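Here's the structure we're looking at; comments come further down.
Number of protein chains: 2
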Amino acid sequence: MRARKGFTYGVTQEELRRHNLSTLLRYVHQHGPTSRAVLTASMNLNRSTIGALTADLSSAGLVEEELPGQHLGAGRPSLVVVPRAAHVYALAYMIGVDFVVAARVGLGGQVLDRRELYRPRGDYDLEDVMGHLERFTGELLSSEDIPPGAFCAGVGAAVPAAVRNSDGMLRFVPNMNWDDWGDAPLGDILHRRLVETFGIQAPVAVGNDADLGALAERTRGVAVGCDDLVYIVGEVGVGAGVIAGGEAMSGHDGYAGEVGHMVVNPSGRLCRCGARGCWETEIGEPAILAAAGHADGRRATVAELVAEAAAGDEKSVRALEHIGGWIALGVANIVTVFNPSMVIFGGLFGDVFPGIQGQIRTNLLSGSLGVVREGVRLVTPGLGADSTLIGAAEKAFEPLLADPLGFVSAMAAMPAPSSRVP
Amino acid sequence: MRARKGFTYGVTQEELRRHNLSTLLRYVHQHGPTSRAVLTASMNLNRSTIGALTADLSSAGLVEEELPGQHLGAGRPSLVVVPRAAHVYALAYMIGVDFVVAARVGLGGQVLDRRELYRPRGDYDLEDVMGHLERFTGELLSSEDIPPGAFCAGVGAAVPAAVRNSDGMLRFVPNMNWDDWGDAPLGDILHRRLVETFGIQAPVAVGNDADLGALAERTRGVAVGCDDLVYIVGEVGVGAGVIAGGEAMSGHDGYAGEVGHMVVNPSGRLCRCGARGCWETEIGEPAILAAAGHADGRRATVAELVAEAAAGDEKSVRALEHIGGWIALGVANIVTVFNPSMVIFGGLFGDVFPGIQGQIRTNLLSGSLGVVREGVRLVTPGLGADSTLIGAAEKAFEPLLADPLGFVSAMAAMPAPSSRVP
Chain W
3 MRARKGFTYG VTQEELRRHN LSTLLRYVHQ HGPTSRAVLT ASMNLNRSTI
53 GALTADLSSA GLVEEELPGQ HLGAGRPSLV VVPRAAHVYA LAYMIGVDFV
103 VAARVGLGGQ VLDRRELYRP RGDYDLEDVM GHLERFTGEL LSSEDIPPGA
153 FCAGVGAAVP AAVRNSDGML RFVPNMNWDD WGDAPLGDIL HRRLVETFGI
203 QAPVAVGNDA DLGALAERTR GVAVGCDDLV YIVGEVGVGA GVIAGGEAMS
253 GHDGYAGEVG HMVVNPSGRL CRCGARGCWE TEIGEPAILA AAGHADGRRA
303 TVAELVAEAA AGDEKSVRAL EHIGGWIALG VANIVTVFNP SMVIFGGLFG
353 DVFPGIQGQI RTNLLSGSLG VVREGVRLVT PGLGADSTLI GAAEKAFEPL
403 LADPLGFVSA MAAMPAPSSR VP
Chain D
3 MRARKGFTYG VTQEELRRHN LSTLLRYVHQ HGPTSRAVLT ASMNLNRSTI
53 GALTADLSSA GLVEEELPGQ HLGAGRPSLV VVPRAAHVYA LAYMIGVDFV
103 VAARVGLGGQ VLDRRELYRP RGDYDLEDVM GHLERFTGEL LSSEDIPPGA
153 FCAGVGAAVP AAVRNSDGML RFVPNMNWDD WGDAPLGDIL HRRLVETFGI
203 QAPVAVGNDA DLGALAERTR GVAVGCDDLV YIVGEVGVGA GVIAGGEAMS
253 GHDGYAGEVG HMVVNPSGRL CRCGARGCWE TEIGEPAILA AAGHADGRRA
303 TVAELVAEAA AGDEKSVRAL EHIGGWIALG VANIVTVFNP SMVIFGGLFG
353 DVFPGIQGQI RTNLLSGSLG VVREGVRLVT PGLGADSTLI GAAEKAFEPL
403 LADPLGFVSA MAAMPAPSSR VP
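Quick mapping for you: the protein sequence lines, in order, are chains W and D.
Here this note's numbering is used: position 404 in the first sequence is 406, and no number is missing along the way.
Here this note's numbering is used: position 47 in the second sequence is 49, and no number is missing along the way.
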């Protein structure tokens, strides 16, 4: 339905129907149970069309209709269209240098069940992480909460890496062991393991953690209704997910938003990427802890630094100001280049944000470019630390949401898997 | 037809027809005369639908159908759909610190007639520029080449400024006299003058010069078919137009792409914008000429510098290398952040490009990010110095192209203008 790629495509009746089914299912996925009357108004379609679309989605097992709990007005109550959250779910994975998280997320975006492992940072190899994911997946799929007839509609995995969009290949995994993770076709690997071990044939999508965080915050977080935003996230490294004009900005290959590797200080430190003066060298966790005189690498210490500064500790105040200056400089670059209406500070930036937001704001407003930067909102994630996990689920649901009936037909036509959960 | 703004809109039959009319008219506007057979295949619609759409556009006076000149195959020849270039035109204006250009551009993108003034740089005030535009417009509209019944479908103006997309207000005009140009509602001013003097009631669109250059290069220049590109342009200042995922990236207010004001050297020179170390301070024309030991500010000297370096002049070689290093640094930042498949070097960057492209490429490929930057193509504009002017025409045609029949109806319903070209 998008008029892209040189504007050459017309739209057929069949595509119109697919678009409208997709739009309706997206609506209830994003907004939750919604009456037919609200859908009619929101989607700008007439009642009979909404009725027909709902009936189709209901027959496919994706939504159900309920009488509203309370009905105060005159006339027949408008039926409420409800996403079948328990029956249609995604598996969402979040992989980091010190954690592995797996969750079962229902249509509608609710985390139904989760397993997680937090551990010291390490060069954990791919097989180690796969082992944990497999164990967690087995536990999630064995739950007695899963009703008969439920199915997995998609699998999404978030990784701190540049992910090639054509095939889910990892191309730049700065904080993992490159020999093991580099150029790993993670999507293929996950798909094969899920088919072989659990008989799960759903499509697998792999995405960059910051990109998925941005997607989740726009779908059901702090940025609902916001068409232009940048979600910056810092842990060891620094990255960003960008939404421009209402669309995730992936770039040609999927690598857009590597803001941590903007060079902002050519006479500065050498970065792990090989360049000198990348933004990440001035504001990544190692830089923050070094400025604060900490060096033990525990994540908690960044929060401690902020608390110490808030309590008036001189050294911590100066350290935070120093880091704040560099963060402010890069944020100004990002705002100047993308002109977002919102910048979301995720990961450790969320921790330091309360102490430096004034500094960031002052820098944005300074100079004659202030006038084009004054409107931007600076916020922390609405979904907290779960942005990325929820984003992985959103990405997992995408093929179903894009073509609900086509997707269900294709799933039904697949050969029976050779094995099941025990 | 776009599923934007929170995915809430369905599509009606009427919108489907509008989309298909728009797509067909865009196709012949972009590709020129096209047979019904090719349209059927390209638009993925059936023959009778293409026939009906063509008939509608023909009745509205936007296209005409012709028998092909040569017909070699069996069966009836497929009629060729031709945009009515002489009858449906745009007025395109290009405003710079040392030039004023006006052109009449036909549907299909051909420049039918033009007037231009090149002069020494100066703080020309708004009224001065308006005077030249008015005179040029009068000359263009008096041409005997304009057939009876022809109409102006839109007006586009390119300015070296940050332009607010909600109302065409100029917000940051770094190289013009701010007291005069700053916060000027240029779109309104142009519209009023065109109605009063010429009875032209067509919609007026104002855009940033780099944004319009990007649009033109993608529509009919070096970037046809390219969905992710950055067009960087340098004259006195430095800016960029960005297309991401096939859509012009405007940002929330229209200010996206101000890459000249990325800070890349915090210990560097003070920029006119008030910040220190903007990219523009290292690579704008003054910086290039200063590095070369030139200071007379004539544009030709940048080309001379490149020629001298090519001829082996040591000082020029070193100057070009120095500037090349800074250009390469910023281009790497741009590629890292946007992941385009193409970077187009416009304005004076086109002049220096031959001498520094090796340096830019080497820098892109260095370090571990090289793998995510290796695919980008580095090119100069296919439309040469006319990119921006053609882009202004493309922007002018946009309301007509978006809803051809609705646009023509609205134009027909307008009250007769109070005055005409004498």
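Beta carbons are placed, not taken as given, at the ideal position from N, Cα and C, and that holds for glycine.
Quick caveat: nothing in here was measured; it's all calculated off a predicted structure.
Supposed close pair residue i, residue j - CB separation, criterion 8 angstroms
i, j, result
"F101/D", "Y120/D", "5 angstroms"
"A152/W", "Y91/W", "7 angstroms"
"V107/D", "T36/D", "Wrong, their Cβ atoms sit about 19 angstroms apart, outside the cutoff."
"E249/W", "G247/D", "5 angstroms"
"A155/D", "F355/D", "At roughly 35 angstroms, the Cβ-Cβ gap does not stay under 8 angstroms, so A155/D and F355/D are not in contact."
Residue burial classification, residue i (beta-carbon count within 10 angstroms, cutoff 16)
i, result
"K397/W", "buried"
"E16/D", "exposed"
"E129/W", "exposed"
"N48/W", "exposed"
"T25/D", "buried"
"E146/W", "exposed"
"D1/D", "This structure cannot settle anything about residue 1/D, because the visible part of chain D is limited to 3 through 424."
"E219/D", "buried"
"M416/W", "exposed"
"S80/D", "buried"
"R173/W", "buried"
"N335/W", "buried"
"G12/D", "buried"
"T364/D", "exposed"
"G386/D", "exposed"
Residue closest to residue i, alpha-carbon to alpha-carbon, out of the options
i, options, result
"S343/D", "G326/D, A321/D, S318/D, V374/D", "V374/D"
"I97/D", "E400/D, G393/D, M416/D, H21/D", "G393/D"
"P383/W", "G170/W, I234/W, R28/W, E67/W", "I234/W"
"H315/D", "V333/D, A294/D, A186/D", "Residue identity check: residue 315/D is Asp in the sequence provided, not His. Checked all of V333/D, A294/D, A186/D; the closest Cα to D315/D is A294/D."
"E118/W", "N167/W, R274/W, F399/W, D388/W", "D388/W"
"Y126/W", "V113/W, A152/W, V99/W", "V99/W"
"P176/W", "G262/W, F409/W, N46/W, V339/W", "G262/W"
"G286/D", "G189/D, V337/D, W183/D, E237/D", "E237/D"
"P268/D", "E260/D, A258/D, W281/D, G259/D", "W281/D"
"V337/W", "G348/W, L371/W, L350/W", "L371/W"
"V339/D", "G349/D, G360/D, L366/D", "L366/D"
"A164/D", "R220/D, A87/D, E260/D, A204/D", "E260/D"
"P85/W", "L403/W, I202/W, G239/W", "L403/W"
"I148/D", "A87/D, H134/D, S411/D", "A87/D"
"G215/W", "V381/W, L391/W, A104/W", "L391/W"
"W183/D", "M132/D, V224/D, F347/D, I202/D", "M132/D"
"L64/W", "G124/W, R28/W, N46/W, L41/W", "R28/W"
"G330/W", "G360/W, L350/W, G256/W", "Per the sequence shown, the amino acid found at residue 330/W is Ala instead of Gly. A330/W has its Cα closest to that of G360/W, out of G360/W, L350/W, G256/W."
"G369/W", "G276/D, A105/D, L135/D, L69/D", "G276/D"
"P187/W", "Q203/W, M178/W, G170/W", "G170/W"
"E136/D", "L93/D, L109/D, N167/D", "L93/D"
"A289/W", "G253/W, L350/W, G256/W, R38/W", "L350/W"
"D255/D", "R123/D, A105/D, N167/D, A104/D", "N167/D"
"G332/W", "L380/D, A395/D, L385/D, V265/D", "V265/D"
Beta-carbon contacts of residue i that lie in its chain and below 7 angstroms, excluding the five residues immediately before and after
i, result
"E310/D", "S318"
"D58/W", "L23, L407"
"T14/D", "none"
"S60/W", "E66, E67"
"G270/W", "R278, G279, T283, E284"
"R19/D", "none"
Neighbourhood of residue i by C-beta, 8 angstroms cutoff - its chain only, sequence neighbours within 5 removed
i, result
"G357/D", "V308, A311, A312, L322, G326"
"D353/D", "V304, A305, V308"
"E141/W", "R117"
Chain A within 8 angstroms of residue i, Cβ atoms only
i, result
"F399/D", "Protein chains in the displayed structure are W and D, and chain A is not among them."
Contacting residues, own chain, Cβ-Cβ under 6 angstroms from residue i (five flanking each side not counted)
i, result
"V206/W", "V157, G189, L192, H193"
"M251/D", "V244, A258"
"R222/D", "G111"
"N210/W", "V165"
"V161/D", "I97"
"V410/W", "A62"
"T56/D", "V83"
>> Below 8 angstroms, how does it come out for the region 193-212 of chain W and the region 220-228 of chain W: are there three or more Cβ pairs, yes or no?
In response: No, the region 193-212 of chain W is not in contact with the region 220-228 of chain W.
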